[in-house]
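Q: Right, I'll just put the structure down here and ask away after.
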Amino acid sequence: MSSYSLPEAAPVPAVGRRRLTANLSWALLLSLPLLWLLVFLFVPVLVVLVVSFFQPTLSGFEQSFTLDNYRLLLTSGPFFSTLANTVLSALITTVVTFLAGFWVAYYLALVVPNLRSRFALFIIALAPFFTSFLIRAIAWIPMMGREGVLNSALLSLGIISAPLDFLLFSNFAVRVAMAQLYMLFMISPIFFSLSTIDPAVLEAARDMGARWWNILWEILLPLARPGIVIGAVFVFVLSMGDFATVRLIGGGASTSVGLSIQNFVTFMQFPQAAAAASILVLVTVLGVVLLLRWGSIGEDL
Amino acid sequence: MSARGRWFDRLLGLYFVVILLFLYGPILVMAVLSFQGPQGGMTFPMRGFGFHWWTRLFQVRASELQEAILRSLLVAVETGVIAAAFSVVIAFAYRRRLPGSSLLLPIVLLALMTPGILLGLGMSLWWRILNFQPGHLALLGVHVVWALPFAFLVMIAVLNRFDPRVEESARDLGASESRTFFEIVLPIIWPGILSAALFGFTLSLNEFERSVLVTSDNTLPLQLWAMLTVQIIEPDLYALGTLTILITFVIVAALFIPTVIGQFRRLGGRAEAGEE
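From first to last, the protein sequence lines are chains A and B.
Each step along the first sequence adds one to the number in our numbering, with nothing skipped, and position 205 is 222.
Each step along the second sequence adds one to the number in our numbering, with nothing skipped, and position 112 is 828.
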């Protein structure tokens, strides 16, 4: 049991009224952050949707309705392959971070013996997340380049006879880097849901003769499912929106919708950028809905 | 536990080390390469060893970066303070189950999940429609939106540990609501508020994807991006990267070490005893 709260005492009437005024002042205070989110989150997202239907002009847009932005994007082959590549990268990153990250969470939550070292190791694994995203992306360049660490190691071990070119400035490199950059978003939620499992349950299963794959398949995975779904949603959404990694690690060899949005903005083509962003959001939301549905189907069984 | 289980656990321990290498490896390689000799390039081999690029960073680049660093620090401090204050308000409203407060969590998570490029684009278009100059307020706006979910999660964790009996007794002894909050609750949760603020500070300091379309005045990550995409990059960039990562690690350590130790003093003994 991990709850430290006590049942609440029945309120005395006088306190009840005071509680009401207190609640009222909290509600008033609450309007500040909500207003902030309205101005800096909800309206901007809505504006993107609206502008995607505006007529582009040379230096921006004029406020007249058109579907041309969507028509141009959706009939252009390059945009489709960009979109497909973005979705593929996001899916691969999600699956890879799950397969690699699950065992990290498992190790931290169920193998490390005491709470103190568990959290210490978790924070050590978590720390890189707070550092600059850009810097971590740059740091991949000396790892993966033609003369990079990986190629040199493989060459000196005699595994390859000439440096591999696909290690940098390729889709492969982008996906490896994204897996590294986003892995923590997968590990943390799975770690938290595995941590809530009572070790006695596993003990009992083992005593009754369950093998480790029975335990994994019938106890751990179902109990960790909420964490897995949250982690998958995080990683999928983040990699769908990525453009910095694609630009820095992919060079010109990789594309993403995020990068096309940035290019549109560079050329002041705001309505096209907005239309591309809206399509990106639509596809992302679709992916998230599918993930969530898959998550809840498991719960019903 | 069986011998097989122990063997499997050891394998997992080894695997954890491999993953740590995967997470930290590039950073370490970058740190080593920042000590390249003057003739050295962006990758191995090392051509000599020395502080050439570090001195270059402080002597040549510093003036170029100074403005961006100051701007970044200012936005980061503001983001930390605002995100911490907002997270206290939202977390308390959430805890007190105000009407409609069940919507707060999805709203906050939405802030977390909105792709940076989308938010940045929306912000720049919105400001354009309003005929505002892109700049500090828009930048601060999106940074707070990014930092708020993390600060909120910290506050929820803090309030879960907070013993409501303390609050109840203060009220029972006749303290007014505001007095209870300012003299009892606030001092107790103060370390939590501070960590929420530091979280916000760090996230803002390193924020790039939301900022890039929003402002024309460079913050440090934006300046870095400009250097990366426009100029020929040199190992002094590695020195800069190593430096910012070191600073972030110091902040993270300062954030977590006292909270973790404090938490274990108070509760860890109980939880660990219960686990055995």
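C-beta: ideal position from N, C-alpha, C; glycine also.
Being a predicted model, the structure only gives us computed values, none of them experimental.
Could you pull the DSSP bridge partners for Q752 (chain B) from this structure?
A: Reading the second sequence from its first residue, position 36 is the one you call residue 752 (chain B). Bridge partners of Q752 (chain B): B:F765.
Q: In the region 723 to 744 of chain B, which residues sit with their C-beta less than 8 Å from some C-beta in chain A, listed in chain order?
A: Per Cβ criterion, the list reads F724, D725, L728, G729, Y731, F732, I735, L736, F738, L739, Y740, G741, P742 and I743.
Q: In the DSSP assignment, what are the bridge partners of G78 (chain A)?
A: Indexing the first sequence from 1 puts residue 78 (chain A) at position 61. It should be noted that the sequence gives Phe, not Gly, for residue 78 (chain A). Beta-bridge pairing links F78 (chain A) to A:P73.
Q: Tell me the DSSP secondary structure of G94 (chain A) in three-state form.
A: Counting from 1 along the first sequence, the entry for residue 94 (chain A) is found at position 77. Helix, per DSSP.
Q: I want to see whether chain A comes within less than 7 Å of G890 (chain B), judged by CB atoms only; does it?
A: Counted from its first residue, the second sequence places residue 890 (chain B) at position 174. Taking Cβ atoms only, chain A never reaches closer than 7 Å to G890 (chain B), which makes this a no.
Q: Mind listing which residues of the region 833 to 846 of chain B have their C-beta closer than 8 Å to chain A's C-betas, in chain order?
A: The residues in question are I833, L834, L835, L837, G838, M839, S840, L841, W842, R844 and I845.
Q: Please name the residue, chosen from A:L55, A:A44 and A:F78, that lies closest to F281 (chain A) on a Cα-to-Cα basis.
A: Position 264 of the first sequence, counted from the first residue, corresponds to residue 281 (chain A). It is A:F78.
Q: Alpha carbon to alpha carbon, what distance is there between V874 (chain B) and A807 (chain B)?
A: If you number the second sequence from 1, residue 807 (chain B) lands on position 91. If you number the second sequence from 1, residue 874 (chain B) lands on position 158. The straight-line gap from Cα to Cα measures roughly 10 Å.
Q: Assign G764 (chain B) to one of two classes, buried (16 or more other C-beta atoms within 10 Å of its C-beta) or exposed (fewer than that).
A: As a position in the second sequence, residue 764 (chain B) is number 48, starting the count at 1. Looking at its Cβ environment, which holds fewer than 16 other Cβ atoms inside 10 Å, G764 (chain B) is exposed.
Q: Do T111 (chain A) and V263 (chain A) have their C-beta atoms closer together than 7 Å?
A: Taking the first sequence and counting its residues from 1, the one referred to as residue 111 (chain A) is at position 94. Taking the first sequence and counting its residues from 1, the one referred to as residue 263 (chain A) is at position 246. Result no, Cβ atoms of T111 (chain A) and V263 (chain A) do not sit closer than 7 Å.
Q: Of all the CB atoms in chain B, is at least one closer than 7 Å to the CB of L52 (chain A)?
A: Residue numbering aside, residue 52 (chain A) sits at position 35 when the first sequence is read from its first letter. Not closer than 7 Å to any Cβ of chain B, the Cβ of L52 (chain A) fails to qualify, so no.
Q: Tell whether a beta-carbon distance below 7 Å holds between R787 (chain B) and T896 (chain B).
A: Residue numbering aside, residue 787 (chain B) sits at position 71 when the second sequence is read from its first letter. Residue numbering aside, residue 896 (chain B) sits at position 180 when the second sequence is read from its first letter. No, the Cβ-Cβ distance between R787 (chain B) and T896 (chain B) is not below 7 Å.
Q: Listed from N- to C-terminal order along the chain, which residues in the region 920 to 931 of chain B have their beta-carbon within a distance smaller than 9 Å of any beta-carbon of chain A?
A: Listed by position along the chain: L921, N922, E923, F924, E925, V928 and L929.
Q: Is it buried or exposed for G868 (chain B), if we count other Cβ within 10 angstroms and need 16 for buried?
A: Residue numbering aside, residue 868 (chain B) sits at position 152 when the second sequence is read from its first letter. A small fix is needed here, since residue 868 (chain B) is Phe in this sequence, not Gly. Buried, because 16 or more other Cβ atoms sit within 10 Å of the Cβ of F868 (chain B).
Q: At 4 residues or longer, what runs of the alpha helix (DSSP H) sit wholly inside the region 215 to 276 of chain A?
A: Correct list: 216 to 224, 229 to 232, 238 to 258 and 261 to 267.
Q: List the whole-angstrom C-beta distance separating P50 (chain A) from V805 (chain B), where the pair is believed to meet the contact cut-off of C-beta under 8 Å.
A: For the purposes of this step, residue 50 (chain A) is taken as the residue at position 33 of the first sequence. For the purposes of this step, residue 805 (chain B) is taken as the residue at position 89 of the second sequence. At roughly 6 Å, the Cβ-Cβ gap stays under 8 Å, so P50 (chain A) and V805 (chain B) are in contact.
Q: Apart from the five residues just before and just after V968 (chain B), which ones in its own chain have a Cβ nearer than 8 Å to its Cβ?
A: Indexing the second sequence from 1 puts residue 968 (chain B) at position 252. Cβ within range, chain order: T918.
Q: Determine whether the beta carbon atoms of V191 (chain A) and W842 (chain B) lie at a separation below 7 Å.
A: Locating residue 191 (chain A) in the first sequence gives position 174, counting from the first residue. Locating residue 842 (chain B) in the second sequence gives position 126, counting from the first residue. No, these two residues do not count as a Cβ contact at 7 Å.
Q: Kindly say whether T148 (chain A), judged by its beta-carbon, lies nearer than 7 Å to any beta-carbon of chain B.
A: In the first sequence, counting from the first residue as 1, residue 148 (chain A) sits at position 131. Chain B, which has a Cβ nearer than 7 Å to the Cβ of T148 (chain A), makes this yes.
Q: Please report the distance separating the alpha-carbon of G908 (chain B) from that of R926 (chain B).
A: Residue numbering aside, residue 908 (chain B) sits at position 192 when the second sequence is read from its first letter. Residue numbering aside, residue 926 (chain B) sits at position 210 when the second sequence is read from its first letter. So the two alpha carbons sit approximately 26 Å from each other.
Q: Measure the C-alpha to C-alpha separation of M839 (chain B) and V928 (chain B) and round it to an integer number of angstroms.
A: The residue labelled residue 839 (chain B) in the question sits at position 123 within the second sequence. The residue labelled residue 928 (chain B) in the question sits at position 212 within the second sequence. Rounded to the nearest angstrom, the two C-alpha atoms are 11 Å apart.
Q: Can you name the residues of chain B whose CB is closer than 8 Å to the CB of V282 (chain A)?
A: On the first sequence, residue 282 (chain A) is found 265 positions in, with the first residue counted as 1. The answer, in chain order, is L837, S840 and L929.
Q: What alpha helix (DSSP H) runs, 4 residues minimum, are completely inside the region 96 to 174 of chain A?
A: The qualifying runs are 132 to 143, 150 to 155, 158 to 161 and 166 to 173.
Q: Determine the closest residue to S210 (chain A) out of A:T301, A:L237 and A:F70, with distance taken between C-alpha atoms.
A: Counting from 1 along the first sequence, the entry for residue 210 (chain A) is found at position 193. Minimum Cα distance to S210 (chain A) is reached at A:L237.
Q: Does any CB atom of chain B fall closer than 7 Å to the CB of A290 (chain A)?
A: The sequence position of residue 290 (chain A) within the first sequence is 273, counting from 1. Chain B, which has a Cβ nearer than 7 Å to the Cβ of A290 (chain A), makes this yes.
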